[in-house]
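FYI, the numbering for the sequence shown is 5 to 718, going by our numbering.
A short write-up of the structure that comes next.
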Amino acid sequence: MQSHAYGFPRLGSNREFKKSIESFWKNESNSDQLWKSLDTLQNENIERYTSNVDTFPNGELTLYDPMLDVAILCGLYSPSNLDEYYDLCRGKNALEMTKWFNTNYHYLVPEFFDKKDISFKSNIDHFALRYKQASFPSVIGPFTFLKLSKGLSFEKLSSLFLQLVPIYKELISKVDQIQIEEPAFVMDLSEEEISLIEKGYKLLESSSKKITLVTYYDNVDWIERLLKLPVSAIGLDFVRGKDQFDYICKNGFPEDKKLIAGLVDARNVWKTNIFSCLEKLKALDSSVKNLALSNAAPLFHLPVSLKVENNLDANLKANLSFAEEKLEEINHISKCFSGAISPEKSTNKPLGVNLYVQERVRSLKDSDFVKDVSLEERKSIQADILGLPSFPTTTIGSYPQTCEVRKKRSEFKKGQLSKENYDLYVKEEIAKLVDFQEEVGLDVFVHGEFERTDMVEFFAQNLDGVATTESGWIISYGTRAYRPPIIYGDISRPKTMTIDEVVHAQSLTKKPVKGMLTGSVTIIAWSFCREDIPLSEVSYQISLSLQDEIKDYEKSNIQIVQVDEAAFREKAPIKKKDWPSYFEWAVKSFNLLTNTKAETQIHTHMCYSEFGEIINYINEMDFDVISIEASRSRGDIIEAFEKIDFKRQIGLGVWDIHSPSVPSKEEIKDIITRSLRRIPSENFWINPDCGLKTRDWEETKLALKALVDVAKSL
Ligand code: GLN
Ligand code: ZN
Numbered sequence: 005m006q007s008h009a010y011g012f013p014r015l016g017s018n019r020e021f022k023k024s025i026e027s028f029w030k031n032e033s034n035s036d037q038l039w040k041s042l043d044t045l046q047n048e049n050i051e052r053y054t055s056n057v058d059t060f061p062n063g064e065l066t067l068y069d070p071m072l073d074v075a076i077l078c079g080l081y082s083p084s085n086l087d088e089y090y091d092l093c094r095g096k097n098a099l100e101m102t103k104w105f106n107t108n109y110h111y112l113v114p115e116f117f118d119k120k121d122i123s124f125k126s127n128i129d130h131f132a133l134r135y136k137q138a139s140f141p142s143v144i145g146p147f148t149f150l151k152l153s154k155g156l157s158f159e160k161l162s163s164l165f166l167q168l169v170p171i172y173k174e175l176i177s178k179v180d181q182i183q184i185e186e187p188a189f190v191m192d193l194s195e196e197e198i199s200l201i202e203k204g205y206k207l208l209e210s211s212s213k214k215i216t217l218v219t220y221y222d223n224v225d226w227i228e229r230l231l232k233l234p235v236s237a238i239g240l241d242f243v244r245g246k247d248q249f250d251y252i253c254k255n256g257f258p259e260d261k262k263l264i265a266g267l268v269d270a271r272n273v274w275k276t277n278i279f280s281c282l283e284k285l286k287a288l289d290s291s292v293k294n295l296a297l298s299n300a301a302p303l304f305h306l307p308v309s310l311k312v313e314n315n316l317d318a319n320l321k322a323n324l325s326f327a328e329e330k331l332e333e334i335n336h337i338s339k340c341f342s343g344a345i346s347p348e349k350s351t352n353k354p355l356g357v358n359l360y361v362q363e364r365v366r367s368l369k370d371s372d373f374v375k376d377v378s379l380e381e382r383k384s385i386q387a388d389i390l391g392l393p394s395f396p397t398t399t400i401g402s403y404p405q406t407c408e409v410r411k412k413r414s415e416f417k418k419g420q421l422s423k424e425n426y427d428l429y430v431k432e433e434i435a436k437l438v439d440f441q442e443e444v445g446l447d448v449f450v451h452g453e454f455e456r457t458d459m460v461e462f463f464a465q466n467l468d469g470v471a472t473t474e475s476g477w478i479i480s481y482g483t484r485a486y487r488p489p490i491i492y493g494d495i496s497r498p499k500t501m502t503i504d505e506v507v508h509a510q511s512l513t514k515k516p517v518k519g520m521l522t523g524s525v526t527i528i529a530w531s532f533c534r535e536d537i538p539l540s541e542v543s544y545q546i547s548l549s550l551q552d553e554i555k556d557y558e559k560s561n562i563q564i565v566q567v568d569e570a571a572f573r574e575k576a577p578i579k580k581k582d583w584p585s586y587f588e589w590a591v592k593s594f595n596l597l598t599n600t601k602a603e604t605q606i607h608t609h610m611c612y613s614e615f616g617e618i619i620n621y622i623n624e625m626d627f628d629v630i631s632i633e634a635s636r637s638r639g640d641i642i643e644a645f646e647k648i649d650f651k652r653q654i655g656l657g658v659w660d661i662h663s664p665s666v667p668s669k670e671e672i673k674d675i676i677t678r679s680l681r682r683i684p685s686e687n688f689w690i691n692p693d694c695g696l697k698t699r700d701w702e703e704t705k706l707a708l709k710a711l712v713d714v715a716k717s718l
């Protein structure tokens, strides 16, 4: 049996990808130096592959994002130098960014709205496509590219698809082999779309011997037809696509093709269970002639290497496998399968067991998920306590994290600054922020989140049952990387996590200060999560810990608590049929977390606008106020809320904090006036789109003053 691998992280062991590109941006290096470091990264990955697997694409690297590569390949964009190229990624002319399937990667979204008469032209020799000119490059497929673009009707998509395929054909003619990645094949597709794919791929028939087609993240529901496409190898995800595994065991696989069996999970950090993997290979082997073991999805969802982690608990580390280790597993398991070596039994001890927490989740009753005071009653109780004006103003939580804030935090981490002095520093920043909010004239204050690096990592560090890594970076978009925590055991809260800072802020003002928590679904979505118990159980464990935190806020007279659920939408499964079961536990987790006193006003925050499809689920979350994105979404969002007769209060994001410009009063007023036609004014809050962490103080002040002025004038 053979082995295949792909998608190894481009980030590099020391985040060289990030560092070399960012140093180019800062003019600290030139384009030759940038190319040189990228070539080195590509070569290092090739070496890793070479020592572990038989086949792999050797041209995978990109200058920023593989979707942009295809947009350049077909001439949609044609930057004439690196500066122009990066202008498409960041800065004024940047493409919009969005979630890549249900992962934590974000891609640049090609956009066709204003391009009525567009036609594609081959741009294969473009300098940005250097790695597509390798002997075995890997490219996002033509269907996935168009399906994930914006502003295409089906008619337009079809005609562009049939123009795009010949460009791939030309590319294929220049290389020995190609890997075409079509993850969009696992989406819910219409019959028309499937037929279109068949028609397009038919055009590649004469090059079929060179093509390895891979799909991942879920089942391809039309597997029978997929297997007939004219390609020489097909990669399937058997970790998240169990139906297609059963299908092939039962019905076999075409003899003229190679099956690239994705059995090694590439979306989670746990070691592969060798014995069960060997079982599956055996089952496949009896019905597949030409079989290769592979990763189930691209490896870039994992950190590069476990070897550099020195502070992880040894028992935990023994259970983990990052990208490098997954490659070694593929190597090892295929050798075991051919009998060259024999597998060893591993002794997996359960990690982080907490019987009290388990019992607490087991004894949850239906009533624990339902508030006993209705929304209407809560509204009047809270109005009496809070006495807010109409059109109350607030912010989403974080305020500019200046170099100084980050410097102090890193000094504290390195032990150069004592805990006392660090806490003192944070408290001074909070005091300054309280004054700032008084001066600007906001109605509901926040403490500013100066003590937090990241809205998930902060809680991960404070909860038991969750580990954080030193160098477990993965790319979130472009050159931006983050370190997902690892949820390995039962979750509990050894002590309060956020109370001191918020109570300190409250002690300095008469205005209400919001407590600030990250919700369970978002904590899970941005972490690697244990798989030995259902996600719902992990989620309820987190909810109970955070519910305890809210009760501690209540004891300290904090009247408003915001629970951020930034990842509520993105964690949703790819296929609609899997939505009800996901949203059931997701909604229940929120309702359990926030099931506290009726007097406490519960806010939630979600920073995106595609609510149409999930609006009913959101309305099942029993919060009092939601703050959402609205400035970029042309008011669509309001319609979504109107359709369901939404009774809760809404804070509209009238300042798009992702853009560097300060909104004018007219712009703010415009969004509000449009929205007021649909939302009753008594339910209306005014706030920015999201946290202000990445903004600077100057623009923050100007924008918030404008926002408060508009609210007052209303
Ligand atoms: N409270 C967080 C902040 O203000 C929310 C961030 C987010 O939604 N991404 O930074
Ligand atoms: Zn947000």
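Built from N, CA and C at the ideal position, the CB exists for glycine as well.
Per-residue burial, residue i [other beta carbons within 10 Å of its own, 16 or more giving buried]
i, result
"T407", "The amino acid at residue 407 is misidentified as Thr; the sequence shows Cys. By the 10 Å Cβ count, C407 comes out exposed."
"L729", "What the structure shows of the chain is the stretch from 5 to 718, and residue 729 is not part of that stretch, so it cannot be assessed."
"F587", "buried"
"D388", "exposed"
"Y53", "buried"
"P516", "buried"
"K559", "exposed"
"N595", "buried"
"W701", "exposed"
"E424", "exposed"
Whole-angstrom distance between residue j and residue i, CA atom to CA atom
i, j, result
"N172", "P141", "One point to set straight first is that residue 172 is Tyr, not Asn, in the sequence displayed. Roughly 12 Å between the two C-alpha positions."
"C281", "I400", "46 Å"
"V448", "I238", "56 Å"
"S163", "V507", "60 Å"
"Y492", "K206", "46 Å"
"G445", "S84", "48 Å"
"K697", "M520", "14 Å"
"T502", "E553", "8 Å"
"A98", "W29", "15 Å"
"L680", "E646", "11 Å"
"P498", "L548", "12 Å"
"G16", "L306", "12 Å"
"L72", "L112", "6 Å"
"G469", "N599", "23 Å"
"I654", "N687", "6 Å"
Cβ-heavy atom distance, residue i to the ligand GLN, below 6 Å
i, result
"G452", "no"
"S402", "yes"
"G343", "no"
"M459", "yes"
"D568", "yes"
"G266", "no"
"K697", "yes"
"C611", "yes"
Minimum Cβ-Cβ distance from residue i to chain B less than 7 Å
i, result
"L297", "No chain B is part of this structure, which consists of one protein chain only."
The ligand ZN heavy atom lying under 6 Å from the CB of residue i
i, result
"C727", "This structure cannot settle anything about residue 727, because the visible part of the chain is limited to 5 through 718."
"C694", "yes"
(message) Runs of 4 residues minimum, wholly inside the segment 534–565: which ones carry the alpha helix (DSSP H) assignment?
(response) The segment 534–565 contains these whole alpha helix (DSSP H) runs: 539–559.
(message) Contact between the segment 16–30 and the segment 294–302 is defined here as three or more beta-carbon pairs at a separation below 8 Å; is this criterion met?
(response) In short, these stretches do not touch, since the Cβ pair count stays below three.
(request) Output the residue ranges of the alpha helix (DSSP H) runs that lie fully inside the segment 217–283 and measure 4 residues or longer, sorted by chain position. (result) DSSP assignment within the segment 217–283 yields the following whole alpha helix (DSSP H) runs of 4 residues or more, N-terminal first: 227–230, 246–255.
(message) Would you call the segment 477–486 in contact with the segment 402–417, where contact means no fewer than 3 C-beta pairs closer than 8 Å?
(response) The segment 477–486, when compared against the segment 402–417, does not touch it at the 8 Å Cβ threshold.
(request) List in chain order: all unbroken alpha helix (DSSP H) runs of 4+ residues lying wholly within the segment 79–119. (result) Listed in chain order, the complete alpha helix (DSSP H) runs (minimum 4 residues) inside the segment 79–119 are 86–93.
(request) Indicate whether the contact test is met: 3 or more Cβ pairs, each with one atom in the segment 32–45 and one in the segment 190–203, closer than 8 Å. (result) They do not touch, by the three-pair rule.
(message) Quick check for students: name the residue ranges of the alpha helix (DSSP H) that lie wholly in the segment 345–415, counting only runs of 4 or more.
(response) Within the segment 345–415, the complete alpha helix (DSSP H) runs of at least 4 residues are 359–366, 379–390.
(request) Flag this pair as touching only if the segment 113–126 and the segment 146–162 have three or more C-beta atom pairs under 8 Å; answer yes or no. (result) Segments in contact, yes.
(message) Below 8 Å, how does it come out for the segment 534–548 and the segment 603–613: are there three or more Cβ pairs, yes or no?
(response) Counting Cβ pairs under 8 Å, fewer than three are found: no touch.
(message) Suppose only complete runs of 4+ residues qualify. What are the alpha helix (DSSP H) ranges in the segment 561–597, listed by chain order?
(response) Listed in chain order, they are 583–597.
(request) Report yes or no: do three or more beta-carbon pairs, one from the segment 463–480 and one from the segment 87–102, lie closer than 8 Å? (result) With a cut-off of 8 Å, the segment 87–102 and the segment 463–480 do not count as touching, because too few Cβ pairs lie within range.
(request) Would you check if there are 3 or more beta carbon pairs closer than 8 Å linking the segment 415–434 to the segment 357–368? (result) Short answer: they don't touch.
(request) Check whether the segment 338–355 touches the segment 272–279, taking contact to mean three or more Cβ pairs, one atom from each stretch, closer than 8 Å. (result) For the pair of segments examined, the segment 338–355 was found to touch the segment 272–279: the number of CB pairs separated by less than 8 Å reaches three.
(request) Inspect the CB distances between the segment 320–336 and the segment 257–272 and report whether three or more fall short of 8 Å. (result) Judged by Cβ distances under 8 Å, the segment 320–336 makes contact with the segment 257–272, as three or more pairs qualify.
(request) Counting only runs of 4+ residues fully inside the segment 603–676, write out the alpha helix (DSSP H) ranges in chain order. (result) The qualifying runs are 619–624, 640–647.
(request) Tell me, please, whether the segment 309–327 touches the segment 250–264 by the rule of three or more beta-carbon pairs shorter than 8 Å. (result) Segments in contact, no.
(message) Restricting to runs no shorter than 3 residues, where is the beta strand (DSSP E) found entirely within the segment 495–527?
(response) DSSP runs (the beta strand (DSSP E)) wholly in the segment 495–527: 518–522.
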